[in-house]
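Asker: Please find one structure pasted underneath; my questions will follow.
4 protein chains.
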Amino acid sequence: MPERSPDPARRSERSRTAILSATRKLSAELGYQAMSIEAIAAAAGVGKQTIYRWWPSKGVLMLDMWGEQVQLQGEFPDTGDVAADLKVQIRGLVELANDPELGPSLRSLIGAAQHEPALLEELLTSIVRPRIEACKRRLRKAQEDGQINRGVDLDIAVDLLYGGFYHRLVLPVTRLDDAFVNGIVDEALRGIGATL
Amino acid sequence: MPERSPDPARRSERSRTAILSATRKLSAELGYQAMSIEAIAAAAGVGKQTIYRWWPSKGVLMLDMWGEQVQLQGEFPDTGDVAADLKVQIRGLVELANDPELGPSLRSLIGAAQHEPALLEELLTSIVRPRIEACKRRLRKAQEDGQINRGVDLDIAVDLLYGGFYHRLVLPVTRLDDAFVNGIVDEALRGIGATL
Amino acid sequence: MPERSPDPARRSERSRTAILSATRKLSAELGYQAMSIEAIAAAAGVGKQTIYRWWPSKGVLMLDMWGEQVQLQGEFPDTGDVAADLKVQIRGLVELANDPELGPSLRSLIGAAQHEPALLEELLTSIVRPRIEACKRRLRKAQEDGQINRGVDLDIAVDLLYGGFYHRLVLPVTRLDDAFVNGIVDEALRGIGATL
Amino acid sequence: MPERSPDPARRSERSRTAILSATRKLSAELGYQAMSIEAIAAAAGVGKQTIYRWWPSKGVLMLDMWGEQVQLQGEFPDTGDVAADLKVQIRGLVELANDPELGPSLRSLIGAAQHEPALLEELLTSIVRPRIEACKRRLRKAQEDGQINRGVDLDIAVDLLYGGFYHRLVLPVTRLDDAFVNGIVDEALRGIGATL
DNA sequence: ATTTAACCGAGACGGTACGTCTAGTCTTGAT
DNA sequence: ATCAAGACTAGACGTACCGTCTCGGTTAAAT
Chain Z
1 MPERSPDPAR RSERSRTAIL SATRKLSAEL GYQAMSIEAI AAAAGVGKQT IYRWWPSKGV
61 LMLDMWGEQV QLQGEFPDTG DVAADLKVQI RGLVELANDP ELGPSLRSLI GAAQHEPALL
121 EELLTSIVRP RIEACKRRLR KAQEDGQINR GVDLDIAVDL LYGGFYHRLV LPVTRLDDAF
181 VNGIVDEALR GIGATL
Chain F
1 MPERSPDPAR RSERSRTAIL SATRKLSAEL GYQAMSIEAI AAAAGVGKQT IYRWWPSKGV
61 LMLDMWGEQV QLQGEFPDTG DVAADLKVQI RGLVELANDP ELGPSLRSLI GAAQHEPALL
121 EELLTSIVRP RIEACKRRLR KAQEDGQINR GVDLDIAVDL LYGGFYHRLV LPVTRLDDAF
181 VNGIVDEALR GIGATL
Chain L
1 MPERSPDPAR RSERSRTAIL SATRKLSAEL GYQAMSIEAI AAAAGVGKQT IYRWWPSKGV
61 LMLDMWGEQV QLQGEFPDTG DVAADLKVQI RGLVELANDP ELGPSLRSLI GAAQHEPALL
121 EELLTSIVRP RIEACKRRLR KAQEDGQINR GVDLDIAVDL LYGGFYHRLV LPVTRLDDAF
181 VNGIVDEALR GIGATL
Chain C
1 MPERSPDPAR RSERSRTAIL SATRKLSAEL GYQAMSIEAI AAAAGVGKQT IYRWWPSKGV
61 LMLDMWGEQV QLQGEFPDTG DVAADLKVQI RGLVELANDP ELGPSLRSLI GAAQHEPALL
121 EELLTSIVRP RIEACKRRLR KAQEDGQINR GVDLDIAVDL LYGGFYHRLV LPVTRLDDAF
181 VNGIVDEALR GIGATL
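Chains as they are written, first to last, in the working numbering: chain Z, 1 to 196; chain F, 1 to 196; chain L, 1 to 196; chain C, 1 to 196.
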């Protein structure tokens with residue numbers, strides 16, 4: 001027998017929606033850890049099998065719920081002012097992190113990914129890497145425009161710009177606010193040779 | 001009835017040590033999540049109650065093990081060369097992350113803390129905040145020495161220096177290696193006004 | 001919420017049988033007291049929940065096993081010879097008591113019932129009282145047939161006939177054998193006015 | 001090392017008494033089953049070890065407490081009227097069984113003996129067998145006096161006389177009262193050839 | 001229009017681990 | 001050496017979920 005994968009064409013949209021809604025509701029109420037698949041199934045009025053059939057793990061279910069709810073900004077803007085463009089993007093992330101529902105949910109997701117390699121890969125592929133690439137494209141453009149040093153290692157640049165965000169997200173010693181956004185972008189850009 | 005707390009004077013050192021060793025071993029093998037109290041007790045040749053008696057949660061047990069096993073570098077060195085001093089410290093962290101036993105264990109721990117507020121608080125208090133403060137003390141000294149700008153926000157500086165590490169730890173898109181250490185410190189310091 | 005009782009239609013016959021067999025085996029080996037639900041589940045290759053789902057207590061499980069395994073002689077035979085009929089019945093009990101598996105199990109059960117009122121009640125209702133009533137019906141018939149005195153108190157008669165069995169079962173000073181059966185019935189019947 | 005048995009000479013009478021009292025009190029309050037060694041120790045103000053040191057099991061402790069509290073009637077009276085003498089003795093047993101403290105305690109003891117061979121042996125030796133022998137001596141006397149048949153098996157006679165008591169004690173379908181005492185003795189004696 | 005095959009809700013199943021409880025042993029310091 | 005106190009190993013308790021596995025009962029496509 002090859003794989004016995006279910007037929008997406010016959011999938012019940014009603015169930016899919018109910019499961020994602022229940023997931024969103026319960027993850028906000030109980031947190032990722034305390035939210036059991038059983039509880040999601042019960043809250044959604046759905047059989048457990050229907051969840052197991054379509055999602056490989058609770059983490060991936062969360063990620064799917066995320067994809068549904070959050071419109072992840074695609075390409076970076078390019079106004080010619082690289083500092084301003086970066087601030088817009090990072091400010092978007094900060095707002096997400098401060099959302100009372102999505103913030104904890106994002107933290108949970110990153111947390112779960114630490115002991116679920118498949119979820120981590122999915123998270124990197126669907127969210128993290130695309131954003132990093134977009135950021136690097138914008139920085140490359142800034143190099144061409146002569147706004148930042150040509151020799152700089154863009155991975156390092158990304159760490160300078162985004163690392164602070166993740167640092168404060170997972171180890172919240174300090175607030176994530178607008179002052180943070182402006183400070184981090186300005187200092188990071190100066191680090192990589194921008195004349196501000 | 002007051003609390004019925006056990007008497008630390010009569011505590012068995014033998015058991016305490018065996019439990020912490022088993023925790024170290026199992027957290028590396030299985031990760032924080034999959035490591036059960038039952039398994040720790042069995043591996044340590046100890047009754048479960050002995051674990052529950054002395055530790056309020058698996059997370060705190062992990063932190064205790066960490067405190068025991070890892071010589072957490074206390075104060076920053078001060079050789080006069082702030083860049084070199086920072087590199088030593090961050091290189092230490094990177095080595096920890098790349099240790100086959102402690103690295104996975106640290107990632108696991110940070111992951112679990114994302115949905116366990118009590119664990120997070122304990123982690124911040126016992127490990128993260130002391131290190132950040134030590135770093136800020138060193139940076140303040142560098143300001144006094146005229147090596148970096150006096151006006152710079154030290155929290156931002158810490159994010160520039162350490163954020164990249166956590167970024168690459170929890171979302172491992174890029175390697176944590178020596179090139180990273182040198183790159184991040186040099187660029188970050190330039191960002192905060194060091195003349196390298 | 002009403003009761004959340006399981007659906008007997010979906011019950012696994014395989015598990016039910018395995019549990020009852022394991023109970024029979026273990027109660028003989030270990031006795032009622034020392035036989036744990038965990039051990040039954042393990043021996044039956046069954047989840048503990050499956051036992052808890054269908055039986056309210058270990059005692060009821062034991063009684064169920066008994067009902068299953070032992071062909072509890074229902075009505076007394078009526079050959080016209082009351083002495084012979086009684087001997088058949090009591091000899092059956094004696095054989096049960098001497099069975100290497102069921103004997104210890106029965107003693108265990110009666111023993112446990114001495115400090116578990118609910119178990120005692122269940123035992124009386126499901127096993128003891130029906131047998132006593134059957135015996136009394138047979139004795140009443142014998143009274144009508146003029147084989148024993150009409151005035152005799154049937155509860156006393158039952159004690160004369162069955163008391164010796166329980167005496168020797170729980171306080172085994174003397175053997176339970178065929179001589180016992182014949183002796184007790186003959187003397188008891190003479191006591192209550194039979195002309196043998 | 002040979003046996004490491006404690007030295008009875010150094011035994012604390014204070015503790016022994018306190019333990020037996022606590023046992024009596026708790027067995028009446030909670031019943032045999034629910035009465036834990038821990039609770040006895042706590043109630044007696046005694047270390048658990050002191051109990052384990054001097055008694056091999058809870059059942060034997062109960063038996064000891066019994067021996068302390070109950071003055072077990074020794075020899076049967078011999079008034080010349082065997083029926084009357086037997087009724088006195090059995091009435092004594094019935095009163096014991098109906099005592100609100102000693103009755104449950106006796107039942108518990110018999111119950112526990114069903115899965116504790118050592119306790120059973122102790123119980124038979126210290127209480128049951130001596131009483132049976134005394135009864136048989138009295139019956140033998142009655143045979144000599146021509147009050148009952150010479151050929152009768154005395155073990156059977158004992159079962160007829162005492163069996164009813166144990167039957168009603170361990171499987172209390174019917175009351176243990178004076179009518180029972182009179183009925184059982186009269187019918188039993190008639191069974192074994194007494195002319196009443 | 002009927003068959004048929006998948007998905008669906010429901011929930012029983014074999015398991016693992018939970019955190020609590022008690023048994024019986026071991027250790028410590030006081031008498 | 002025994003005692004009170006209580007920490008220890010051990011393991012069962014009854015509960016909660018895990019992920020798998022039937023079971024009938026809808027659907028929706030293929031006959």
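Yeah, the Cβ is synthetic: ideal placement off N, Cα and C, and Gly gets one too.
Note down, one range per segment and in chain order, each alpha helix (DSSP H) of at least 4 residues found wholly within the segment 98 to 186 of chain L.
Answerer: Taking only runs of at least 4 residues, the alpha helix (DSSP H) segments lying wholly in the segment 98 to 186 of chain L are 102 to 113, 117 to 123, 129 to 144, 154 to 170.
Asker: At a cut-off of 8 Å, is residue 122 (chain Z) close to the ligand GDP when judged by its beta-carbon and the heavy atoms of the ligand?
Answerer: This structure lacks the ligand GDP, and indeed carries no ligand of any kind.
Asker: Counting only the same chain and skipping the five closest in sequence on each side, list residues whose C-beta sits under 6 Å from that of residue 191 (chain Z).
Answerer: In the first sequence, the residue the question calls residue 191 (chain Z) occupies position 191. Correct list, in chain order: 160.
Asker: So, is residue 52 (chain F) buried or exposed, given that buried needs 16 or more other C-beta atoms within 10 angstroms?
Answerer: Numbered from 1 along the second sequence, position 52 holds the residue referred to as residue 52 (chain F). So residue 52 (chain F) counts as exposed.
Asker: List, in chain order, every chain Z residue whose beta-carbon is nearer than 7 Å to that of residue 112 (chain F).
Answerer: For the purposes of this step, residue 112 (chain F) is taken as the residue at position 112 of the second sequence. Within chain Z, the residues near residue 112 (chain F) are 111.
Asker: Based on Cα-Cα distance, which residue from L:30, L:114, L:194 lies nearest to residue 144 (chain L)?
Answerer: In the third sequence, residue 144 (chain L) corresponds to position 144, counting from 1. The shortest C-alpha separation from residue 144 (chain L) is found at L:194.
Asker: Quick one: does residue 156 (chain L) have its CB under 9 Å from some CB of chain C?
Answerer: One-based indexing of the third sequence puts residue 156 (chain L) at position 156. Yes, because at least one Cβ of chain C sits closer than 9 Å to the Cβ of residue 156 (chain L).
Asker: Would you call the segment 51 to 65 of chain F and the segment 143 to 157 of chain F touching, i.e. three or more CB-CB distances under 8 Å?
Answerer: Too few Cβ pairs lie closer than 8 Å, so no.
Asker: What separation, rounded to the nearest whole angstrom, lies between the Cα atoms of residue 22 (chain Z) and residue 99 (chain F)?
Answerer: As a working mapping, residue 22 (chain Z) is identified with position 22 in the first sequence. As a working mapping, residue 99 (chain F) is identified with position 99 in the second sequence. Taking the straight line from one Cα to the other gives about 40 Å.
Asker: Whole angstroms is fine: what's the gap from residue 132 (chain Z)'s alpha carbon to residue 16 (chain L)'s?
Answerer: Residue 132 (chain Z) sits at position 132 when you count from the first residue of the first sequence. Residue 16 (chain L) sits at position 16 when you count from the first residue of the third sequence. Whole-angstrom Cα-Cα distance: 58 Å.
Asker: Just the chain C side, please: which residues come within less than 7 Å of residue 105 (chain L) by C-beta, in chain order?
Answerer: Stepping through the third sequence from its first residue, residue 105 (chain L) is reached at position 105. Correct list: empty, because the minimum Cβ distance to chain C is about 11 Å.
Asker: Whose C-beta lies closer than 6 Å to the C-beta of residue 96 (chain C) among residues of the same chain, with five residues either side of it excluded?
Answerer: Locating residue 96 (chain C) in the fourth sequence gives position 96, where the first residue counts as 1. 102.
Asker: Between the segment 121 to 139 of chain L and the segment 119 to 139 of chain C, do three or more beta carbon pairs fall short of 8 Å?
Answerer: The segment 121 to 139 of chain L vs the segment 119 to 139 of chain C: no contact.
Asker: Is there a C-beta anywhere in chain L that falls below 9 Å from the one on residue 34 (chain C)?
Answerer: Indexing the fourth sequence from 1 puts residue 34 (chain C) at position 34. Closer than 9 Å to some Cβ of chain L, the Cβ of residue 34 (chain C) qualifies, so yes.
Asker: Using the three-state DSSP reduction, which class does residue 66 (chain L) fall into: helix, strand or coil?
Answerer: Here residue 66 (chain L) corresponds to residue number 66 of the third sequence, with the count starting at 1. It is helical.
Asker: Cβ of residue 114 (chain Z) within 9 Å of Cβ of residue 107 (chain F)?
Answerer: Within the first sequence, residue 114 (chain Z) is the residue found at index 114, counting from 1. Within the second sequence, residue 107 (chain F) is the residue found at index 107, counting from 1. Yes. Within cutoff.
Asker: Using a Cβ-Cβ cutoff of less than 7 Å, which residues in the same chain neighbour residue 46 (chain Z) once the five nearest sequence positions on both sides are dropped?
Answerer: Locating residue 46 (chain Z) in the first sequence gives position 46, where the first residue counts as 1. Cβ within range, chain order: 15, 18, 19.
Asker: Only counting the same chain, and skipping five residues up and downstream in sequence, which positions put a Cβ closer than 6 Å to that of residue 82 (chain Z)?
Answerer: For the purposes of this step, residue 82 (chain Z) is taken as the residue at position 82 of the first sequence. Correct list, in chain order: 142, 147.
Asker: DSSP state of residue 27 (chain F), grouped into three classes?
Answerer: Start at 1 with the first residue of the second sequence, and residue 27 (chain F) comes out as number 27. Note: residue 27 (chain F) maps to helix in three-state DSSP.
Asker: Between residue 41 (chain L) and the rest of its own chain, which residues show a CB-CB distance below 7 Å, the 5 nearest in sequence each way excluded?
Answerer: Locating residue 41 (chain L) in the third sequence gives position 41, counting from the first residue. Taken in chain order, the residues that qualify are 47, 48, 51.
Asker: Taking all protein chains shown into account, do 16 or more other C-beta atoms lie within 10 angstroms of the C-beta of residue 104 (chain Z), making it buried, or fewer, making it exposed?
Answerer: Stepping through the first sequence from its first residue, residue 104 (chain Z) is reached at position 104. Per the 10 Å Cβ criterion, buried.
Asker: Would you say residue 120 (chain C) lies against chain L (beta-carbon separation less than 9 Å)?
Answerer: Here the question's residue 120 (chain C) lines up with position 120 in the fourth sequence. Yes, contact with chain L.
Asker: State yes or no: is the C-beta of residue 9 (chain C) within less than 9 Å of the C-beta of residue 60 (chain C)?
Answerer: As a working note, residue 9 (chain C) is residue 9 in the fourth sequence. As a working note, residue 60 (chain C) is residue 60 in the fourth sequence. Taking 9 Å as the Cβ cut-off, residue 9 (chain C) and residue 60 (chain C) do not qualify as a contacting pair.
Asker: Using the rule of at least 16 other Cβ atoms within 10 Å of the residue's Cβ for burial, across every protein chain shown, is residue 164 (chain C) buried or exposed?
Answerer: For the purposes of this step, residue 164 (chain C) is taken as residue 164 along the fourth sequence, with counting starting at 1. Burial call: buried.
Asker: Taking 9 Å as the threshold (beta carbon to beta carbon), is residue 3 (chain L) in contact with chain C?
Answerer: Along the third sequence, one-based indexing puts residue 3 (chain L) at 3. Note that residue 3 (chain L) scores a pLDDT of 48, beneath 50, so its modelled location is shaky and nothing firm can be said.
Asker: Applying the criterion that 16 or more other CB atoms from any shown protein chain within 10 Å of the CB defines a buried residue, is residue 12 (chain Z) buried or exposed?
Answerer: In the first sequence, residue 12 (chain Z) corresponds to position 12, counting from 1. Counting Cβ neighbours within 10 Å, residue 12 (chain Z) comes out exposed, since fewer than 16 surround it.
Asker: Against chain L, does residue 56 (chain C) count as a neighbour if the rule is that its beta carbon must be under 9 Å from one of theirs?
Answerer: For the purposes of this step, residue 56 (chain C) is taken as residue 56 along the fourth sequence, with counting starting at 1. Not an interface residue.
Asker: Can you look up residue 55 (chain Z) in the DSSP assignment and give me helix, strand or coil?
Answerer: Along the first sequence, read from residue 1 onward, the residue named residue 55 (chain Z) stands at position 55. Looking at residue 55 (chain Z) - three-state DSSP - the assignment turns out to be coil, as it is neither helix nor strand.
Asker: Taking only the alpha-carbon atoms, compute the straight-line gap between residue 116 (chain L) and residue 36 (chain C) and give it to the nearest angstrom.
Answerer: For the purposes of this step, residue 116 (chain L) is identified with residue 116 of the third sequence, where counting begins at 1. For the purposes of this step, residue 36 (chain C) is identified with residue 36 of the fourth sequence, where counting begins at 1. If I take the Cα positions, the gap works out to 15 Å.
Asker: Which same chain residues, not among the five before or five after residue 158 (chain L), have their C-beta less than 6 Å away from its C-beta?
Answerer: Start at 1 with the first residue of the third sequence, and residue 158 (chain L) comes out as number 158. Correct list, in chain order: 132, 135.
Asker: Counting contacts by CB-CB distance shorter than 9 Å, is residue 174 (chain C) in contact with chain L?
Answerer: For the purposes of this step, residue 174 (chain C) is taken as the residue at position 174 of the fourth sequence. Chain L, which has a Cβ nearer than 9 Å to the Cβ of residue 174 (chain C), makes this yes.
Asker: So, is the C-beta of residue 188 (chain L) closer than 9 Å to a C-beta in chain C?
Answerer: Here the question's residue 188 (chain L) lines up with position 188 in the third sequence. Judged by the 9 Å Cβ criterion, residue 188 (chain L) is in contact with chain C.
Asker: Is the distance from the Cβ of residue 110 (chain F) to the Cβ of residue 170 (chain F) below 9 Å?
Answerer: What you label residue 110 (chain F) is simply residue 110 of the second sequence in a count that begins at 1. What you label residue 170 (chain F) is simply residue 170 of the second sequence in a count that begins at 1. Closer than 9 Å, so yes.
Asker: What are the boundary residues of the alpha helix (DSSP H) that includes residue 41 (chain Z)?
Answerer: Residue 41 (chain Z) sits at position 41 when you count from the first residue of the first sequence. Looking at the DSSP string, the run of the alpha helix (DSSP H) that includes residue 41 (chain Z) is 37 to 44.
Asker: When you compare the CB positions of residue 138 (chain C) and residue 186 (chain C), do they come within less than 9 Å of one another, or not?
Answerer: Looking up residue 138 (chain C) in the fourth sequence gives position 138. Looking up residue 186 (chain C) in the fourth sequence gives position 186. No, Cβ-Cβ distance for residue 138 (chain C) and residue 186 (chain C) is not below 9 Å.
Asker: Work out the CA separation of residue 63 (chain F) and residue 121 (chain F) for me, nearest whole Å.
Answerer: Working through the second sequence from its first residue, we reach residue 121 (chain F) at position 121. Working through the second sequence from its first residue, we reach residue 63 (chain F) at position 63. Spanning the two alpha carbons is a distance of roughly 11 Å.
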